[in-house]
Amino acid sequence: MTISARSSSLVALVAGALLLVGWQVQAESNRVTFPEDLDALVHYTTVRRGNVTEHILTTPAAIEAIRNRQPAPAGTHFVLVDYRGGQLYRYFVMEKGEGFGADYDERRRTADWQFQWFWPDRSINTNENTARCQSCHNRQAGADYLFTARRIPRFNGTPIE
Ligand code: HEC
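Printed below as a string of structure tokens:
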């Protein structure tokens, strides 16, 4: 190996390490916690797409608030339980908390909601940059950042499909 080839592979190695560090910083855990008791949440709608089935759940207090045309209160969890081919694949969780929005700059912020991806063992997917979740849910800013909340007023005990 010539000296210049060796030093350029060193440069690539350092650049790779820096990239890895940057990426780990983006994939930090945040203030979202996995809900203590999934059974205490209400399964209000199911979304099916090919072999994907999503059960969407939230707290009784959020159901009540949204029925009354109020925003979901602080302390609310929304959980999207994602099944692939009938097997649990992952959980997507949104949590609203007092001051959660202050963790992000204005462009990224989704009011006081934060987002997280959990594996079936409830560990965090550290490869995910949750800015992606926020950027898509930002489209729903006019609906408290939620896509399916408008189904809640029609919910009468059987998950809406
Ligand atoms: C490209 C757009 C997009 C991205 C990215 C995205 N979502 Fe969503 N999300 C949706 C849509 C659309 C729905 C409604 C359900 C459906 O159609 O699958 C939804 C529903 C949800 C729900 C149920 C509450 C609601 O809004 O109806 C949660 C919780 C959720 N997403 C969390 C997340 C998390 C966590 C991430 C990132 C790991 C994420 N989402 C990334 C589009 C997105």
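Numbering (numbering that gives the first Met the number 0), first residue to last: 0 to 160.
Cβ atoms here follow ideal geometry from the backbone N, Cα and C, with glycine treated the same way.
Because the structure is a prediction, the values reported are computed rather than measured.
Margin query: Cutting at 6 Å between CB atoms, please list the residues of its own chain near GLU160, excluding the five before and the five after it.
Written below: THR45
Check: Going along the chain, which residues of its own chain have a beta-carbon closer than 7 Å to the beta-carbon of TRP118, five neighbours each way excluded?
Finding: ARG89 and ASN124
Checklist line | Distance between beta carbons of PHE154 and TYR43, contact taken as under 8 Å | finding: 4 Å
Next item on the list: Taking THR52 as the reference, give the member of VAL80, ALA130, GLN139 and THR109 with the closest Cα.
Entry: VAL80
Next item on the list: Take the Cβ of THR57 as the centre, count every other Cβ of all protein chains shown within 10 Å, and call the residue buried at 16 or more, exposed below.
Entry: buried
Checklist line | Buried versus exposed, by CB contacts within 10 Å (16 or more), LEU145 | finding: buried
Item checked: Status (buried if at least 16 other CB within 10 Å, exposed otherwise) for GLN69 -> exposed
Item checked: Helix, strand or coil at PHE91 [DSSP, three-state] -> strand
Note to self: Would you say the beta carbon of TYR82 is closer than 8 Å to some non-hydrogen atom of the ligand HEC?
What the structure shows: no
Notebook entry, point to check: According to DSSP, which residues form a beta bridge with GLU53?
Noted result: VAL46 and ASP81
Margin query: Let's test the definition: count the other Cβ atoms within 10 Å of the Cβ of GLU94 and tell me whether it reaches 16, buried, or not, exposed.
Written below: buried
Item checked: Nearest-angstrom Cα separation, counted from TRP116 out to VAL78 -> 10 Å
Margin query: Short of 6 Å in beta carbon distance, which residues of its chain neighbour ALA130, apart from the five on each side in sequence? Order them along the chain.
Written below: ARG107
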